[in-house]
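FYI, the numbering for the sequence shown is 722 to 987, going by our numbering.
Each residue gets a CB set at the ideal place from its N, CA and C atoms; glycine is no exception.
All figures in this text were calculated on a predicted structure; none of them were measured in a lab.
The block underneath contains the structure these notes are about, expressed in structure tokens.
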Amino acid sequence: MTNTPQPPAGWYPDPAGSDGERFWDGVAWSQATRDKPAPPPMDPTAYGAPPQGHPQQGYPQQGGYQGPQRGYQQPMPHQQGMPNQQQGAYGHGQGPVPGVRVGAFGWRLLAFLIDAILISVIGGVLAAALGLMERMVGAFGTYLRDFVIWGENPVGDPPDIPADLYAANSQLTMLLIIVFIVYRVLMLGTVSATLGQMAAGLRVVKLGEGPDARLGWGAAVVRGTAGAFVYVLWYLTLVSGVCLLVNRNRQSLQDLVARTYVLKIR
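Written out as structure tokens, the structure reads:
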């Protein structure tokens, strides 16, 4: 098999057979697609216009070369420079703009830890002010004392966990979720990043936009609310981490819900 030069990254007719175009990143086909740009109206008097009675040539047909990877064919070199092609012109919700850096898992994890520590401190202060910490410590102390007494003379069933401990823990969880929602929505809506993301050099934008774009309040509310539940509820945290690892655009669970992604801007 001879080595065929790889064409540059860009938009090419979708080898999957749709009527649109798919982005070739220079190595493999991405999941980003868009509608085929409509050709501008042709002026019959313009230079190079096809003569009457001859159909205008459209997109070149793909050759029969099958790339080394399975699935989609690679774009052939003769597909470069197609008329009306707009390099990097993504629509919202399509995929990352070519040339931008998507935030890697390590930077996302660092931002998560910074935000988690910050919210834990704020939530702890509020919980102490509302008496939740005192209730939890008192209920847990009572349960621990009863359990020790039962352990010295294990007759009957062990003591049940106090209902007040369950109630205080549920109230603390809701408090942390509310604090997270307020914090994340305000930060994302104003500067498109949380304090942890700013420290890690990250910025949240809508899918398909560049690093200079503003997220907007609508997407900030959706992503901030979803992210609060993801950060507080451990099982959603695991699901979000798996999504971030396996997703091509490094989108977490809250990114998928809000149709956003995180860019590395420095």
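Check: 8 angstroms CB neighbourhood of residue 823 in its chain, flanking five on each side removed; Outcome: 817, 970, 971, 982, 983, 984, 985
Check: Other residues of its chain near residue 864: CB distance less than 7 angstroms, five sequence neighbours each side excluded; Outcome: 880, 882, 883, 886
Check: Closest by C-alpha distance to residue 949, when choosing among 909, 901, 987, 976; Outcome: 901
Check: Exposure of residue 737, with buried meaning 16 or more beta-carbon neighbours within 10 Å; Outcome: exposed
Check: Helix, strand or coil at residue 752 according to DSSP, with G and I counted as helix; Outcome: strand
Check: Nearest to residue 894 (by Cα), restricted to the options 929, 847, 877; Outcome: 847
Check: Per DSSP, cross-strand counterpart(s) of residue 733; Outcome: 743
Check: N-terminal and C-terminal residue of the alpha helix (DSSP H) that residue 946 is part of; Outcome: 938-953
Check: Residue 834 and residue 917 closer than 9 angstroms at C-beta; Outcome: yes
Check: Counted within 10 angstroms of its Cβ, other Cβ atoms place residue 891 as buried (16 or more) or exposed; Outcome: exposed
Check: 3 or more residues per run - each beta strand (DSSP E) lying fully within the region 856-942; Outcome: 923-927
Check: The region 853-864 / the region 939-958 touching (three or more Cβ pairs under 8 angstroms); Outcome: no
Check: Beta-carbon spacing of residue 853, residue 889 below 9 angstroms; Outcome: yes
Check: From 947, 840, 749, residue whose alpha carbon lies closest to that of residue 730; Outcome: 749
Check: Continuous alpha helix (DSSP H) stretch holding residue 823: start and end; Outcome: Counting along the chain, residue 823 falls outside any alpha helix (DSSP H), and DSSP gives it neither H nor E.
Check: Cross-strand partners of residue 982 (DSSP beta bridge); Outcome: 926
Check: Cβ neighbours of residue 871 in the same chain (closer than 7 angstroms, five flanking residues each side left out); Outcome: 879, 880
Check: Pick from 843, 977, 961 that is closest to residue 903, judged by C-alpha positions; Outcome: 843
Check: Three-state class that DSSP yields for residue 831 in the structure shown; Outcome: helix
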